[in-house]
Each structure stands twice: as structure tokens, then as C-alpha cells.
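Asker: The structure's right below; bear with me while I get my questions together.
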Amino acid sequence: MLEMSKEIQRTRIVTALLVLCSGSMASALYRRVCYYGPVHHVDPNFNDLELKLCTHIIYGFSKVGDDNTLVAAKPKDERRYRDFNKHVQNYNNGKKPSLQVKTLLCVSKGAFPTMVATRTNRTTFIKSALE
């Protein structure tokens with residue numbers, strides 16, 4: 001009988017540990033992806049963005065140029081994206097990496113099908129995106 005109660009106690013401890021571990025893993029896997037698509041006729045006020053609500057934020061838009069490089073969709077977009085990125089970096093400054101917002105760039109339109117067609121074109125695109 002004593003042996004049985006030790007086994008039950010051990011099972012309860014293991015179950016409790018599994019529940020605690022699964023809870024911490026769930027919070028580590030939590031994602032809240034936000035999207036910011038600027039209105040082209042209005043200069044954005046990035047202070048209006050509530051970055052604390054997001055784990056990731058996607059900025060729209062850019063496109064693939066005829067030379068397989070990443071280019072701004074509209075003339076003002078390159079400056080706006082730099083300003084947006086600077087704003088997010090300032091927000092992230094001093095925060096633990098797990099609390100920082102990750103930025104992504106939405107790529108659409110342009111010569112996307114041509115870019116993905118060959119390894120050389122993809123390499124050109126990747127190098128331009130990392131600059």
C-alpha cells in the first residue's frame with residue numbers, strides 16, 4: 001500500500017512538471033503578427049503604432065525590380081521603410097530579445113516570378129535585400 005502511494009505521488013509530481021513546462025513552452029511559441037500598410041498620400045506617424053501588441057510586424061510593400069533586386073513599390077517607400085525600421089529599433093532598444101518586435105517586409109508585384117526562376121536571380125535578390 002505504501003508503495004502504491006509513492007507511485008501516485010511520483011505520478012502527480014511528473015504531471016505537475018509537465019503542465020508547468022507546457023505552459024512556458026506555449027508562451028514561448030505565442031505570436032501576434034501585425035500588418036502595417038502605409039497610405040501613400042499621407043506621411044505616417046509611427047508613434048501611433050501600438051508595437052507592444054505585436055511580436056512581429058509586416059511592412060507593406062516592396063517589389064522585385066527588373067534586375068532581380070528588392071526595390072521600393074513607390075518613390076517615397078524607401079525613406080518611409082527606413083523611418084519605420086528606425087522607429088521599431090528605438091522601441092526595441094533595451095528590451096530583452098524575447099520582447100523585441102521582429103520586422104518583416106512584404107514583397108509583391110514586379111518581377112517576382114522571374115526572380116524565383118533561377119538560382120542566380122534568387123542570389124541577386126537575396127544580396128539586395130540584405131544591403
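When you number the sequence shown by UniProt numbering, it's gap-free, plus one each residue, and the end is 131.
Glycine included, each C-beta is placed from N, C-alpha and C at the ideal position.
Please read all numbers here as calculations on a predicted model, not as lab measurements.
#1: CB-CB under 6 Å to Val88, same chain, minus the five flanking residues each way: which ones, in chain order?
#2: Thinking just about the alpha-carbon of each residue, which of Lys76, Asn85, Ser108 and Thr69 is nearest to the one in Lys120?
#3: Pick from Asn92, Lys76 and Thr124: whose alpha carbon is nearest that of Cys54?
#4: Quick test of your reading: Ile58 and Cys106, contact by CB under 8 Å. State the CB separation rounded to the nearest angstrom.
#5: Buried or exposed: Val42, going by 16 or more other Cβ atoms within 10 Å of its Cβ?
#6: If distances are taken between C-alpha atoms only, which option among Phe46, Arg122, Ala111 and Lys109 comes closest to Asn90?
#7: Which two residues bound the contiguous alpha helix (DSSP H) that contains Lys95?
#8: Enumerate, from N- to C-terminal direction, the unbroken alpha helix (DSSP H) stretches of 4 or more residues contained entirely within the UniProt domain "GH18" (30 to 131).
#9: Could you tell me the alpha carbon to alpha carbon distance between Gly65 and Lys86, rounded to whole angstroms?
#10: Name the residue from Gly37, Asp67 and Arg82 whose alpha carbon lies nearest to the alpha carbon of Phe61.
#11: Which residue wins for smallest C-alpha separation from Lys109, given the options Ala72, Pro44, Tyr35 and Leu29?
Answerer: A quick look at the data gives this:
#1: Val101 and Thr103, listed in sequence order.
#2: Reading off the sequence, residue 120 comes out as Thr, not Lys. Checked all of Lys76, Asn85, Ser108 and Thr69; the closest Cα to Thr120 is Thr69.
#3: Comparing Cα positions, the closest option is Asn92.
#4: 5 Å
#5: exposed
#6: Among Phe46, Arg122, Ala111 and Lys109, the Cα nearest to that of Asn90 belongs to Phe46.
#7: Note, Lys95: premise wrong, no alpha helix (DSSP H); not H, not E.
#8: 77 to 92, 112 to 117 and 119 to 130
#9: 24 Å
#10: Gly37
#11: Ala72
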